[in-house]
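In the working numbering, the protein residues as written are 67 to 416.
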């Protein structure tokens with residue numbers, strides 16, 4: 067459905083026909099006829115599929131970017147690189163992770179067998195063993211309690227139980243963790259590069275270039291796949307807090323990268339974010355005093371818990387404020403899907 071339904075998702079275009087941005091949360095339009103045809107194709111496939119116990123292994127697609135052929139192995143790995151997942155307590159997250167890990171093992175790890183760390187809140191021994199059967203080079207780490215509770219300066223009486231119908235306090239722990247505290251997590255101290263995948267992130271075809279080597283060889287500090295735009299009510303006070311940080315840090319003018327995400331008329335941030343369900347980064351950059359001071363400033367505001375500030379917009383603002391020109395890269399050639407976002411490289415997307 068993700069592959070065949072890609073044509074039903076219409077993105078905003080500028081004159082000349084090129085895509086301006088990949089917008090995830092808003093401005094998306096559905097071609098209902100194309101979507102209906104895609105659904106019918108999936109129904110027909112489900113009727114004829116011989117075995118549905120392994121959706122990844124049974125997937126068949128005529129699309130040239132989608133493959134099921136194992137990649138040749140290589141020993142040329144970038145030192146001190148790791149791939150991470152974080153999984154909550156919901157059973158559906160673990161079920162998604164089974165398929166995500168299968169696709170990762172098939173399309174990337176078969177050639178570049180990097181270590182994979184799965185942060186969790188309480189996986190059973192049976193669950194861990196099932197995942198190891200897919201990829202043996204896994205390690206599991208139960209998050210320390212200090213990372214699962216709001217910091218002391220947060221007034222718990224002012225923290226809503228749910229925001230936007232979905233964001234529990236646990237979800238907001240995750241946003242805070244990914245925004246800054248994970249980079250100083252003791253388990254990751256030995257690593258220099260990290261790639262994040264979410265449990266519902268799926269590689270649809272072979273990765274042709276080692277993502278870590280591409281980052282290292284070109285001097286990139288951050289790599290992303292798509293841009294989104296955050297809902298207004300989830301950014302309450304965030305831009306004001308970022309502006310206060312800029313003033314305190316002596317950043318008098320927006321950086322060239324940040325300027326791309328400011329409204330032409332008001333000069334305010336347009337709520338754009340990096341779609342962080344797939345990202346690759348240089349850990350020394352995110353451990354730097356510059357980036358961590360930005361995170362600490364936002365953390366003191368308590369916005370993660372009061373308003374559900376997300377790691378995605380904070381990632382964009384933090385990277386845009388502190389990275390050098392030319393050090394941010396978009397991975398536009400990896401067949402990939404996450405929820406409504408699908409990337410098929412030979413479609414000529416920017």
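Note that the Cβ used here is the ideal one computed from N, Cα and C, for glycine as well.
Please list the terminal residues of the continuous alpha helix (DSSP H) segment that includes residue i.
i, result
"residue 166", "157 to 170"
"residue 206", "That residue, residue 206, is in no alpha helix (DSSP H); its beta strand (DSSP E) goes 204 to 208."
"residue 385", "377 to 388"
Helix, strand or coil for residue i? Go by DSSP, reduced to three states.
i, result
"residue 291", "coil"
"residue 247", "helix"
"residue 354", "coil"
"residue 233", "strand"
"residue 180", "coil"
"residue 305", "helix"
"residue 111", "helix"
"residue 394", "strand"
"residue 338", "strand"
"residue 278", "helix"
"residue 64", "As displayed, the chain neither begins before 67 nor continues past 416, which places residue 64 out of reach and without an answer."
"residue 143", "coil"
"residue 100", "helix"
"residue 320", "coil"
"residue 422", "One cannot answer for residue 422 here, as it falls past the ends of the chain, which runs 67 to 416."
"residue 311", "helix"
"residue 221", "coil"
"residue 255", "coil"
"residue 120", "The predicted position of residue 120 is uncertain, since its pLDDT is 47 and thus under 50; a value taken from the coordinates is nonetheless stated next. Three-state DSSP puts residue 120 in coil, outside helix and strand."
With respect to the beta strand (DSSP E) encompassing residue i, which residues constitute its N-terminal and C-terminal limits?
i, result
"residue 344", "344 to 348"
"residue 201", "Counting along the chain, residue 201 falls outside any beta strand (DSSP E), and DSSP gives it neither H nor E."
"residue 372", "No beta strand (DSSP E) holds residue 372; the alpha helix (DSSP H) holding it covers 369 to 372."
Could you work out which residue in the options is closest to residue i when comparing CA atoms only?
i, options, result
"residue 390", "364, 365, 321, 335", "321"
"residue 307", "373, 266, 364, 335", "364"
"residue 350", "309, 255, 310", "255"
"residue 156", "145, 193, 170, 175", "193"
"residue 370", "261, 217, 410", "217"
"residue 405", "209, 285, 292", "292"
"residue 394", "110, 289, 105", "289"
"residue 161", "282, 172, 196", "196"
"residue 248", "300, 407, 143, 151", "151"
"residue 143", "174, 113, 109", "174"
"residue 383", "294, 411, 172, 271", "294"
"residue 245", "102, 109, 376, 170", "376"
"residue 276", "211, 397, 109", "397"
"residue 261", "323, 324, 348", "348"
"residue 147", "338, 282, 368, 305", "282"
Return the bridge partner residues of residue i from the DSSP annotation.
i, result
"residue 215", "None, per the DSSP bridge assignment."
"residue 404", "407"
"residue 186", "153, 208"
"residue 148", "260"
"residue 228", "234"
"residue 269", "402"
Any beta-carbon of chain D closer than 8 Å to the one on residue i?
i, result
"residue 372", "The question asks about chain D, but that chain is absent: this structure has only one protein chain."
Contact between the stretch 343 to 355 and the stretch 325 to 335: three or more CB pairs below 8 Å?
-> no
Does the stretch 165 to 172 come close enough to the stretch 263 to 277 that 3 or more CB-CB pairs lie under 8 Å?
-> yes
Counting pairs of Cβ atoms below 8 Å between the stretch 199 to 207 and the stretch 227 to 243, do you hit three or more?
-> no
For the stretch 233 to 247 and the stretch 310 to 326, state whether three or more C-beta atom pairs, one from each stretch, are separated by less than 8 Å.
-> no
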